[in-house]
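Under our numbering, think of the first position of the sequence shown as 31, with each following residue one higher.
Where is the CB? At the ideal position from N, CA and C, for every residue including glycine.
Working notes, structure below.
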Amino acid sequence: MKREIILILIALFTLSLSSCYVNKHPHGHVPPGQAKKIHGEKSAKRYAPGQQKKHHKKGKGHYKHSVYLD
């Protein structure tokens, strides 16, 4: 009887461990400091999410009309 209870407890413990699932998302998101090290940069500024928006609209600055250049 005691042996059966121990076997049941071991089985329940094994089942409880097998239900644990680690959810990994390999999207390639790397912290800015790690990206800096990988690419050999001196600054992590270009890899920081808050700094990305500064260069997002590159080339869409003020357009000078030819009317005013004459």
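Original post:
Hey, quick one: how far does the alpha helix (DSSP H) through Arg-102 stretch, first residue to last?
Top reply: The structure shown does not extend to residue 102, since the chain is modelled only from 31 to 100, so the question has no answer here.
**OP:** Would you kindly work out how many angstroms separate the C-alpha atoms of Ala-65 and Leu-45, rounded to a whole number?
**Re:** Along the sequence shown, one-based indexing puts residue 65 at 35. Along the sequence shown, one-based indexing puts residue 45 at 15. Between the alpha carbons of Ala-65 and Leu-45 lies a distance of about 39 Å.
Original post:
Using a Cβ-Cβ cut-off of 8 Å (strictly less than) and excluding sequence neighbours within five positions of Ala-74, which residues of its own chain qualify?
Top reply: By one-based count along the sequence shown, residue 74 stands at place 44. The residues Pro-62, Gly-63, Ala-65 and Lys-66, in chain order, have a CB closer than 8 Å to that of Ala-74 in the same chain once the five nearest residues on each side in sequence are set aside.
Original post:
Measuring CA to CA, which of Ser-48, Ala-78 and Glu-71 is closest to Val-60?
Top reply: Against the sequence shown, residue 60 aligns to sequence position 30. Distances from the alpha-carbon of Val-60 to those of Ser-48, Ala-78 and Glu-71 put Ala-78 closest.
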